[in-house]
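In this note's numbering, the protein residues as written are 1 to 75.
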């Protein structure tokens, strides 16, 4: 996530000084909404992002359950 945020930061802050439109530097949102000129930029996780979040939660649950199981066998 930090690397993706870094890419977004460079995308919005490394603007061409000779461009036809002059806008202030900005950082597109990683998650959420932001208004840029007359555009509303919205970024939310799609199906792959939700799968990654669910996988992380499941791994956390398995680690906790395994820790409780091993702790119960040692007692």
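The beta-carbon is built from N, C-alpha and C at its ideal position, and this holds for glycine as well.
Between residue i and residue j, what straight-line distance do the alpha-carbon atoms span, to the nearest angstrom?
| i | j | result |
| --- | --- | --- |
| residue 9 | residue 31 | 13 Å |
| residue 61 | residue 1 | 22 Å |
| residue 52 | residue 41 | 23 Å |
| residue 21 | residue 36 | 12 Å |
Round the Cβ separation of residue i and residue j to the nearest angstrom and send it over; I've been treating them as touching at under 8 Å.
| i | j | result |
| --- | --- | --- |
| residue 34 | residue 25 | Actually they do not touch by this definition, with Cβ atoms about 13 Å apart. |
For residue i, name the three-state secondary structure that DSSP assigns.
| i | result |
| --- | --- |
| residue 68 | helix |
| residue 22 | coil |
| residue 36 | strand |
| residue 8 | helix |
| residue 14 | coil |
| message | Please give the ranges of any beta strand (DSSP E) in the region 39-65, keeping only runs that are unbroken, at least 3 residues long and fully inside the region. | response | List check, beta strand (DSSP E) in window: 39-43.
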